[in-house]
Amino acid sequence: MKTSYISTQNLWNAPRTGAARLQAELAKANEEVVTGTHADLGLALGSRTAVSLALRRQRTDLDAITQDNALTSLRLDGTQAALRTMREDADKTLKELLAATVQQRGTLVATAAGERLATLASTLNGSSGGQYLFAGINAQEAPLTAYAGSPPSAARGAVEAAFRTAFGVDPGAAGAAAITPAQMAAFLDGPFAGLFTETAWSGTWSDASSRTIQSRIAPDETAETSASANAAPFRTLAMAYVMASGLGTGSLSAETQAVVTDRIAARLREASAGVAGIEGGLGTSQARIKEAETRMTAQKALLATRIGELEGVDPAEAKTRIDRLTTQIQMSYSLTAQLRQLSLVSYL
């Protein structure tokens with residue numbers, strides 16, 4: 009038997025077809041009320057969809073830079089705290105050296121310098137977020153080898169070997185009292201200073217990279233956001249501490265001790281000023297990051313407004329549409345129920 013378009017079954021199914029379409033539109037309208045955006049951006053925006061996607065990519069890029077800047081700021085805070093500690097220790101050592109008597113310089117100052125040399129190595133090996141602060145771009149490698157310890161470090165061995173070559177005795181040996189001021193000055197300014205050049209330092213003390221980290225702090229801006237243990241102020245500070253603690257100053261004559269003391273004081277002043285300079289440079293980077301964050305916050309707000317204008321829906325219009333569709337669906341259900349009570353057989 010073939011059912012024609014005027015059959016009872018056709019009358020029953022006609023409202024059902026319309027109800028399915030209305031339910032799909034209702035679900036779409038509900039989604040738009042909840043999300044505040046068009047359910048189908050491609051259909052709603054047409055050719056402007058590419059503009060919306062480009063704006064979203066810009067905002068995603070800014071969000072990623074903002075997250076990276078938070079980690080960078082944390083690393084810079086740790087670096088600044090370490091730099092401040094090193095500079096303060098250098099200044100304390102200088103004050104103690106200048107205040108000590110000749111007899112004290114060989115014991116008290118040497119002991120303090122030895123302890124601060126160990127602290128220097130520990131500080132330069134500090135880390136944040138799993139990355140070493142003073143390793144440069146080689147952030148996964150501990151930058152500095154401690155001077156003291158057992159077995160003796162390569163750095164200590166190089167210093168003692170240079171002293172032995174220059175004077176024929178070990179540091180602190182009884183024969184060191186015969187070293188003249190001129191001999192000591194030549195040694196400190198020559199072979200000893202050569203042990204703290206960047207090349208020698210990298211061969212005995214440091215595994216850090218001399219290249220510092222350059223971070224992207226804004227879409228079109230980068231900044232230096234780390235320091236390297238190979239920087240001259242750190243090498244100079246280590247040199248001063250080794251002079252004070254590793255050359256057996258107490259075994260030298262008073263005149264020769266005066267030469268060593270003068271060199272130590274000069275190196276401490278130089279190192280303190282250099283560390284302060286690094287603090288200032290990184291402080292500038294911190295200020296630039298804050299300025300970049302302010303600009304990016306404004307940019308993200310502008311992008312959010314523009315995206316909202318493109319993708320947003322009118323909540324009042326969407327609510328009116330939901331009410332209209334709900335009414336139509338209810339009418340469809342009511343009509344279907346009435347039609348189910350009808351039959352063409354009754355009219356034959």
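All you need for the numbering used here is the position in the sequence shown, starting with 1, plus 8.
Using N, Cα and C, we set each Cβ at its ideal position, and we do this for glycine too.
Just so we're clear, the structure is a prediction, and the values are computed from it rather than from any experiment.
Exercise. Could you pull out every residue in the same chain whose Cβ sits closer than 6 Å to the Cβ of glutamate 123, ignoring the five residues on either side in sequence?
Key: Nothing listed; no residue qualifies.
Quiz item: Quick one: what's got a C-beta closer than 7 Å to glutamate 363's C-beta in the same chain, skipping five residues either side?
Solution: Missing from the structure shown is residue 363; the chain here goes from 9 to 356 and no further.
Practice problem: Within 10 angstroms of the Cβ of glutamate 317, are there 16 or more other Cβ atoms? Answer buried if so, exposed if not. | Solution: Glutamate 317 is exposed by the Cβ-count criterion.
Exercise. Whole angstroms is fine: what's the gap from glycine 202's alpha carbon to aspartate 76's?
Key: Here the alpha carbons of aspartate 76 and glycine 202 stand approximately 40 Å from one another.
Exercise. Could you check how far apart the C-beta atoms of alanine 126 and alanine 154 are, in whole angstroms? I think they sit under 8 Å.
Key: 6 Å
Quiz item: Quick one: what's got a C-beta closer than 7 Å to glutamine 66's C-beta in the same chain, skipping five residues either side?
Solution: Leu311
Quiz item: How many whole angstroms separate the CB atoms of leucine 152 and alanine 129, which I take to be in contact at a CB cut-off of 8 Å?
Solution: With 8 Å as the limit, leucine 152 and alanine 129 qualify as a contact, their Cβ atoms being about 5 Å apart.
Exercise. Identify whether leucine 152 lies in helix, strand or coil by the three-state DSSP scheme.
Key: strand
Quiz item: Leaving out five residues before and five after lysine 308 in sequence, what residues of the same chain have Cβ atoms less than 7 Å from its Cβ?
Solution: Arg67 and Leu70
Self-check item: Length of the line joining the Cα atoms of valine 110 and glutamine 139
Solution: 43 Å
Practice problem: Please classify leucine 196: does DSSP put it in a helix, a strand, or coil? | Solution: helix
Exercise. To the nearest angstrom, report how far apart methionine 94 and alanine 182 are at their CA atoms.
Key: In this structure, the alpha-carbon of methionine 94 lies about 33 Å from that of alanine 182.
Quiz item: Helix, strand or coil: which one does DSSP assign to alanine 147?
Solution: coil
Self-check item: Residues bridged to arginine 124 [DSSP beta-bridge criterion]
Solution: In DSSP, arginine 124 forms no bridge with anything.
Quiz prompt | Chain-order list of residues whose beta-carbon lies under 8 Å from that of arginine 83 (same chain, five-residue window excluded) | solution = Ser136, Gly137, Gln139, Leu141, Thr233 and Ser234
Quiz item: If leucine 255 sits next to proline 179, beta carbons under 8 Å apart, how far is it from one beta carbon to the other, in whole angstroms?
Solution: 5 Å
Self-check item: Beta-carbon gap between aspartate 215 and glutamate 299 smaller than 8 Å
Solution: no
Self-check item: Three-state secondary structure assigned by DSSP to isoleucine 225
Solution: strand
Exercise. Look at threonine 188 and threonine 257 and say whether their C-beta atoms are less than 8 Å apart.
Key: no
Quiz item: Between the Cα of alanine 273 and the Cα atoms of Tyr249, Thr292 and Ser259, which residue gives the shortest distance?
Solution: Tyr249
Exercise. Can you give me the Cβ contacts of threonine 220 inside the same chain, cut-off strictly under 8 Å, excluding the 5 residues immediately before and after it?
Key: Gly144, Ile145, Glu232, Thr233, Ser234, Ala235 and Ser236
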